[in-house]
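Heads up: the sequence shown begins at -14 in our numbering, then just goes up one per residue.
Glycine included, every Cβ here is placed at the ideal spot set by N, Cα and C.
Have a look at the structure below, then the notes.
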Amino acid sequence: MKIQQNFSLKNHNTFGVDVSARFFAEVTSSGELLEAINHSKTQSLPMLFLGGGSNILFTQNFDGVVIQLDLKGVSEEIINENEVLVTSKAGENWHEFVQYSLGKNYGGLENLSLIPGNVGTSPMQNIGAYGTEIKDTFVSCKVLNLGTLEVEEFNHEKCRFGYRESIFKREGKGKYVILEVTFKLTRKDHFIKTEYGAIQSELKKSGIENPTIQDVSKAVINIRQSKLPDPKLIGNAGSFFKNPSVPMVQFLEVQKRYPEIPNYPNGDLVKIPAGWLIEQCGWKGKQIGNVASHQLQALVIVNATGNATGKEIYDFSTKIIDSVKEKFGIELEREVNIV
Ligand SMILES: Cc1cc2nc3c(=O)[nH]c(=O)nc-3n(C[C@H](O)[C@H](O)[C@H](O)COP(=O)(O)OP(=O)(O)OC[C@H]3O[C@@H](n4cnc5c(N)ncnc54)[C@H](O)[C@@H]3O)c2cc1C
-14 MKIQQNFSLK NHNTFGVDVS ARFFAEVTSS GELLEAINHS KTQSLPMLFL GGGSNILFTQ
46 NFDGVVIQLD LKGVSEEIIN ENEVLVTSKA GENWHEFVQY SLGKNYGGLE NLSLIPGNVG
106 TSPMQNIGAY GTEIKDTFVS CKVLNLGTLE VEEFNHEKCR FGYRESIFKR EGKGKYVILE
166 VTFKLTRKDH FIKTEYGAIQ SELKKSGIEN PTIQDVSKAV INIRQSKLPD PKLIGNAGSF
226 FKNPSVPMVQ FLEVQKRYPE IPNYPNGDLV KIPAGWLIEQ CGWKGKQIGN VASHQLQALV
286 IVNATGNATG KEIYDFSTKI IDSVKEKFGI ELEREVNIV
């Protein structure tokens, strides 16, 4: 395995931020992974595991070892005539994995088409879109415990999934590397979910009345391509903030002042779209220096000129948080991992 020094991470994060890693190792096997971990441990250097770099903001150079997980392979085990377990190694590209399962007519992941990043990162924030989250099909994942260097299996319960949350973002942060993930998918009786977002109107445009899982995937791809900026063209990490959930009392207070506020029940809480809050504060399409809020989706912060530093993007996000707090009394939380 080659360990490179003073390595530019510009092409390894979708914000396109130009920072460097003191060491960079691309690992393609568990042996190489252990070698890279040992290299970090013997030199007492911090480690950072990287997938597709689509949910990370580097605010400074990384003075340690960045380990790019390039573990590949997909396998499957038929359970019965309607269910199959599909296991993918961490380094497989998420969208390609979704397309692979659709190619085999396995259902359950179609609404998650075109989400950037790798399979190994999908449990980190329980990726979700169009009414589906990976927790709906997730069975288990194998992880390497960085303390003991033992491989452990985490089932659904142990992952403690929540909205853009899991144990790996909270108390397990920095303690485990996800090596592979297993999903239970349908083979015949697919559960078609079209009620979320613009899926139904997109299907209608194509004259589809009884959609297949492949049709749903295509509709999701079309909607995402029309709404979200392509990181290959303009640096971004998708939604920068989570949609906040607030207690009913607080929501009613805000609703008195803004009767048109969109809202969704979320247990005892009320979920409010962060994009709407940000737009109301006048941020949609606004640019400061090299950074902007995207003109079609206020929730997405973009590296508008291609020359933004991570610090500039971070400071821009702080300004958004402050103005939403001031206007609505609601504290936005960043979804993107800050390094
Ligand atoms: C245009 C765009 C649209 C997006 N849309 C969505 C969406 O609809 N829904 C959604 O949920 N997300 C969305 N995202 C965010 C992102 O795609 C997901 O969070 C994705 O899972 C990140 O994967 P990655 O491999 O790129 O993660 P990275 O950015 O490489 O890593 C993210 C974090 O996980 C850690 N990490 C990476 N791999 C591992 C591992 N194997 N084990 C342990 N830790 C690890 C990293 O250190 C980092 O802290 C979008 C991003 C973009 C750019």
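Query, Result
"Leaving out the 5 sequence neighbours to the left and right, which residues in its chain are closer than 6 Å to R209 when beta-carbon positions are compared?", "L99"
"If contact is defined by three or more beta carbon pairs under 8 Å, each pair taking one atom from either stretch, is the stretch 253 to 271 in contact with the stretch 227 to 239?", "yes"
"Taking buried to mean at least 16 other C-beta atoms within 10 Å of its own C-beta, is R149 buried or exposed?", "buried"
"Going by Cα to Cα distance, which pick from G159, D307 and L30 is closest to R319?", "D307"
"Which whole-angstrom value describes the C-beta separation of N96 and A114, a residue pair presumed to lie in contact below a C-beta threshold of 8 Å?", "6 Å"
"Tell me L54's beta-bridge partners as DSSP assigns them.", "V12"
"Buried or exposed: P216, going by 16 or more other Cβ atoms within 10 Å of its Cβ?", "buried"
"Closest by CA to T122, which one among K160, F176 and N130?", "F176"
"Within its chain, find whatever has a CB closer than 7 Å to the CB of S60; leave out the 5 residues flanking it on each side and keep chain order.", "T72"
"Under a three-way DSSP split, which group does N(-4) fall into?", "helix"
"By a C-beta neighbour count over all protein chains shown, 10 Å radius and 16 as the cutoff for buried, is E135 buried or exposed?", "exposed"
"May I have the straight-line CA-CA distance separating C126 from P244, to the nearest angstrom?", "44 Å"
"Might you give, ordered along the chain, the residues of its own chain that have their beta carbon closer than 8 Å to the beta carbon of G49, omitting 5 neighbours on each side?", "A6, R7, F8, S25, L30, P31, M32 and L33"
"Please specify which runs of the alpha helix (DSSP H), each continuous and at least 4 residues long, are wholly inside the stretch 79 to 111, giving them in chain order.", "79 to 88"
"What is the rounded straight-line gap between the Cα of L54 and the Cα of L18?", "8 Å"
"Buried or exposed, going by whether 16 or more other CB atoms sit within 10 Å of the CB of I286?", "buried"
"Can you determine whether any heavy atom of ligand 1 sits closer than 7 Å to the C-beta of V287, and answer yes or no?", "no"
"Which of the three DSSP states, helix, strand or coil, is assigned to V234?", "helix"
"Would you decide whether Q331 is buried or exposed? Buried here means 16 or more other CB atoms lie within 10 Å of its CB.", "Here the chain covers residues -14 to 324 and nothing more, so residue 331 does not appear."
"Select from I52, N288 and Y299 the residue whose C-alpha is nearest the C-alpha of G159.", "I52"
"For T106 and V239, I'd like the C-alpha separation in whole angstroms.", "36 Å"
"Helix or strand or just coil, what does DSSP make of Y148?", "coil"
"With 16 other CB atoms within 10 Å as the buried threshold, where does Q28 fall?", "exposed"
"Mapping the DSSP letters down to three states, classify R7 as helix, strand or coil.", "strand"
"Output the boundary residues of the beta strand (DSSP E) element that contains Y161.", "Y161 to T171"
"Return the CA-CA distance between T336 and V205, expressed in angstroms with no decimal places.", "This structure does not reach residue 336, given that the chain is present from -14 up to 324, and the question cannot be answered."
"What's the C-alpha gap between K269 and V166?", "37 Å"
"Report yes if the C-beta of R319 is less than 7 Å from at least one heavy atom of ligand 1; otherwise report no.", "no"
"So within the stretch 227 to 294, which uninterrupted beta strand (DSSP E) runs reach at least 3 residues, ignoring any that extend past its ends?", "230 to 232, 249 to 251, 254 to 256, 276 to 278 and 285 to 288"
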